[in-house]
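Residue numbers (my numbering), protein chains in the order written: chain A, 1 to 319; chain B, 320 to 638.
For each residue, glycine too, the CB sits at the ideal point set by N, CA and C.
These figures come from a predicted structure and were not determined experimentally.
Below is one structure; the comments refer to it alone.
2 protein chains.
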Amino acid sequence: MAVYTQVSGEDMTLFMARYDLGALVSFHGIAEGVENTNYLLHTDKGQYILTLYEKRVNSGDLPFFLGLMEHLAEKGLPCPTPLHDKGGVVLQELAGRQAALISFLEGYSVHRPRVSHCGHVGRSLATMHIAGEGFALQRTNALSVQGWRALADATASRADTVALGLSEAIAEEIAFLEQNWPEGLPTGIIHADLFPDNVFFLGDELSGFIDFYFACNDTLAYDIAVCLNAWCFEEPNAFNVTKARALLRRYNEKRSLNANELAALPILARGAALRFLLTRLYDWFHTCGSALVRPKDPREYWRKLRFHQKVKSVGDYGL
Amino acid sequence: MAVYTQVSGEDMTLFMARYDLGALVSFHGIAEGVENTNYLLHTDKGQYILTLYEKRVNSGDLPFFLGLMEHLAEKGLPCPTPLHDKGGVVLQELAGRQAALISFLEGYSVHRPRVSHCGHVGRSLATMHIAGEGFALQRTNALSVQGWRALADATASRADTVALGLSEAIAEEIAFLEQNWPEGLPTGIIHADLFPDNVFFLGDELSGFIDFYFACNDTLAYDIAVCLNAWCFEEPNAFNVTKARALLRRYNEKRSLNANELAALPILARGAALRFLLTRLYDWFHTCGSALVRPKDPREYWRKLRFHQKVKSVGDYGL
Chain A
1 MAVYTQVSGE DMTLFMARYD LGALVSFHGI AEGVENTNYL LHTDKGQYIL
51 TLYEKRVNSG DLPFFLGLME HLAEKGLPCP TPLHDKGGVV LQELAGRQAA
101 LISFLEGYSV HRPRVSHCGH VGRSLATMHI AGEGFALQRT NALSVQGWRA
151 LADATASRAD TVALGLSEAI AEEIAFLEQN WPEGLPTGII HADLFPDNVF
201 FLGDELSGFI DFYFACNDTL AYDIAVCLNA WCFEEPNAFN VTKARALLRR
251 YNEKRSLNAN ELAALPILAR GAALRFLLTR LYDWFHTCGS ALVRPKDPRE
301 YWRKLRFHQK VKSVGDYGL
Chain B
320 MAVYTQVSGE DMTLFMARYD LGALVSFHGI AEGVENTNYL LHTDKGQYIL
370 TLYEKRVNSG DLPFFLGLME HLAEKGLPCP TPLHDKGGVV LQELAGRQAA
420 LISFLEGYSV HRPRVSHCGH VGRSLATMHI AGEGFALQRT NALSVQGWRA
470 LADATASRAD TVALGLSEAI AEEIAFLEQN WPEGLPTGII HADLFPDNVF
520 FLGDELSGFI DFYFACNDTL AYDIAVCLNA WCFEEPNAFN VTKARALLRR
570 YNEKRSLNAN ELAALPILAR GAALRFLLTR LYDWFHTCGS ALVRPKDPRE
620 YWRKLRFHQK VKSVGDYGL
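Quick look at the structure:
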């Protein structure tokens, strides 16, 4: 949400001269991406996004992220794709940061998704899962079940200051999920962070996914579980079964969910809720008092977790 | 430097429907303008800037700022100009803020101005001073000599924690300037904050001025003094007389400075240095510890002030 690294006009002009993409006309730091610095550039040929990778991104992961965006775009998923300079190079250095110039994606995110948006997201998520097949690189999901205990340990002592009983509830949930986490389900490339912020629409049509910096190899249905939490609850925390049904049906039209995936969905949704509960809790305690990056309320995800704990089967999600 | 007010895609689409400027294609919060929230919008017809006025801007001043931009653009100064909606309205409301849609200005600021840049700035500043003639509204410069004592009072007790002796130096300078501040010089519309951040270039040509939110009625030559400080010193604090000469000469080509203005320039430059010393000092003590908006070093302007205190005449500025 901030421009951490300033680039001068002089340096930006030199940088763009590496590409065959026209002369620089303007550039503006944009307030997007919690982790990185992003600029929106105009040349006389078009618009581009320049991302400077800040310290929180492991530079060893960049070939995975950039290669994945290129792979998915080639396979027909609408998403930004890294651009090659005149020498064919994607990963650059600028202002002391690793950097990449990325194609510009039209559209903008919605804050109050409707049923039709959820359907589009389901369908495009299935498209992404299919498009991810054949991508050669691998990345482990560090924020899945094997990573939760460490996150819980880092927040347990203060969790009850956010909500009484939260610390114990997290410990019990981790114990349950470690015992019951599904295995053997279809795996592949998942987005792992497909919140409304990361999906662009143009009018009522989905124009693309952005922000692949949590993408990894994991259980495909877990990605659906993340989306159920991110797209199908309404303020203050009512689950909208019509939205869930639209999301699941349109996913299923494109990529059929097997019986095991359907049966596992309630547990995967609990895991997805716990994952965002834990990272929000961590950020809650580790964000300094700046008004500019306001940490998101962890309790929202505790309420979502409690909803899924009462779910009996995928039927409760409308399918 | 931040997006203080979030606007949803849904609300932005409705907002743009007030204008006859095409359908919204994308929008991004941009990290520009310390005081306000700015979005860069694309429609199928072009690009626009949307400014949401945050609390630090006095809403009573908005007709002056917006009217001035429109007046200057009509008179031929390259600068952003407010756009009228289908009903002819400029000042809007959006997301609980007053707001205005502004034309997009190509170009970008330079971080290390060269002599030619300084010449362009001098010439365009004269163009602006001439273009300002006939603008009907008035706005007092609250940050000129009559405002400095209050700023000094708000910072005096802690000024010596920034640099030993600073508090006394400020008190002496204010006493001197209150006694010697020039009167009767030509007045008009001044920009009052024409730092390199607020001037755009395309290649070597100046493409326009931005950010008129300190503009006011005051002594025209004071605007030149602000520019001498902002454009003609080099790191760490060497005054570059070649840059100053270029700035003054090219200003003078377009609008002749009279003998009184030339004689007053060293004192005006002291005043301009003190003004930014005081506001930087104020911000130094009143910015919370966030890393995102880093306050600028007040001592830079103390060093500039000391330089001008030793200047004997405008000849020391190269003219």
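Residue i CB to nearest heavy atom of the ligand SAM below 8 Å
i, result
"Asp516 of chain B", "Although the ligand SAM was asked about, the structure shown includes no ligands whatsoever."
Chain B contact for residue i (CB, 9 Å cutoff)
i, result
"Ala17 of chain A", "no"
"Ile30 of chain A", "yes"
"Leu194 of chain A", "no"
"Ser26 of chain A", "yes"
"Leu206 of chain A", "no"
"Met128 of chain A", "no"
"Gln47 of chain A", "yes"
Residues that residue i contacts on chain A, provided the C-beta gap is smaller than 8 Å
i, result
"Gly328 of chain B", "Tyr108, Ser109, Val110, His111, Phe201"
Cutoff 9 Å: residue i Cβ touching any chain A Cβ
i, result
"His361 of chain B", "yes"
"Phe604 of chain B", "no"
"Leu387 of chain B", "no"
"Leu424 of chain B", "yes"
"Tyr541 of chain B", "no"
"Tyr419 of chain B", "According to the sequence as given, residue 419 of chain B is Ala; it is not Tyr. Taking Cβ atoms only, chain A never reaches closer than 9 Å to Ala419 of chain B, which makes this a no."
"Ala342 of chain B", "yes"
"Gln498 of chain B", "no"
"Gln325 of chain B", "yes"
"Met331 of chain B", "yes"
Element boundaries [beta strand (DSSP E), containing residue i]
i, result
"Cys535 of chain B", "535-538"
"Val199 of chain A", "199-202"
"Val25 of chain A", "24-30"
"Arg337 of chain B", "Premise fails: Arg337 of chain B is in no beta strand (DSSP E) and is neither H nor E."
"Tyr39 of chain A", "37-43"
"Glu412 of chain B", "411-413"
"Ala419 of chain B", "416-422"
"Phe209 of chain A", "205-209"
"Thr81 of chain A", "Unbroken run through Thr81 of chain A: none, as it is neither H nor E."
"Leu371 of chain B", "366-372"
"Gly507 of chain B", "506-509"
Boundaries of the alpha helix (DSSP H) in which residue i is found, first to last residue
i, result
"Ser486 of chain B", "485-499"
"Val301 of chain A", "Residue identity check: residue 301 of chain A is Tyr in the sequence provided, not Val. Element bounds for Tyr301 of chain A: 299-310."
"Phe65 of chain A", "62-74"
"Gly441 of chain B", "434-450"
"Ser157 of chain A", "145-162"
"His286 of chain A", "259-286"
"Thr242 of chain A", "241-254"
Cutoff 9 Å: residue i Cβ touching any chain C Cβ
i, result
"Gly22 of chain A", "Absent here is chain C; the protein component of the structure consists of chains A and B."
Does the region 137-153 of chain A come within contact of the region 82-97 of chain A, defined as at least 3 CB pairs closer than 8 Å? Per the Cβ contact rule, the region 137-153 of chain A is not in contact with the region 82-97 of chain A (fewer than 3 Cβ pairs under 8 Å).
Assess contact between the region 70-80 of chain A and the region 325-333 of chain B, defined as three or more Cβ pairs (one per stretch) separated by less than 8 Å. Is contact present? With a cut-off of 8 Å on Cβ pairs, the region 70-80 of chain A is not in contact with the region 325-333 of chain B, counting fewer than three such pairs.
Using 8 Å as the cut-off, can you tell me whether the region 122-142 of chain A makes contact with the region 251-264 of chain A, which would need three or more C-beta pairs spanning the two stretches below that distance? Flag = yes, the region 122-142 of chain A and the region 251-264 of chain A touch.
Does the region 108-117 of chain A touch the region 195-202 of chain A, meaning 3 or more C-beta pairs lie closer than 8 Å? Output reads yes: the region 108-117 of chain A touches the region 195-202 of chain A.
Count Cβ pairs between the region 352-372 of chain B and the region 481-496 of chain B that sit closer than 8 Å; are there 3 or more? Result no; under three Cβ-Cβ pairs closer than 8 Å.
Evaluate contact between the region 578-589 of chain B and the region 454-468 of chain B, counting only Cβ atoms and requiring at least three cross-stretch pairs below 8 Å. In short, these stretches do not touch, since the Cβ pair count stays below three.
Report yes or no: do three or more beta-carbon pairs, one from the region 237-247 of chain A and one from the region 204-212 of chain A, lie closer than 8 Å? Per the Cβ contact rule, the region 237-247 of chain A is not in contact with the region 204-212 of chain A (fewer than 3 Cβ pairs under 8 Å).
Check whether the region 21-37 of chain A and the region 341-358 of chain B touch, using three or more Cβ-Cβ pairs below 8 Å as the test. Counting Cβ pairs under 8 Å, three or more are found: they touch.
Are three or more beta carbon pairs between the region 330-348 of chain B and the region 292-312 of chain A nearer than 8 Å? Judged by pairs of C-beta atoms under 8 Å, the region 330-348 of chain B does not touch the region 292-312 of chain A, as fewer than three such pairs exist.
Would you check if the region 330-338 of chain B and the region 305-318 of chain A touch, i.e. whether three or more CB-CB distances between them fall below 8 Å? The region 305-318 of chain A makes no contact with the region 330-338 of chain B; the number of CB pairs closer than 8 Å stays below 3.
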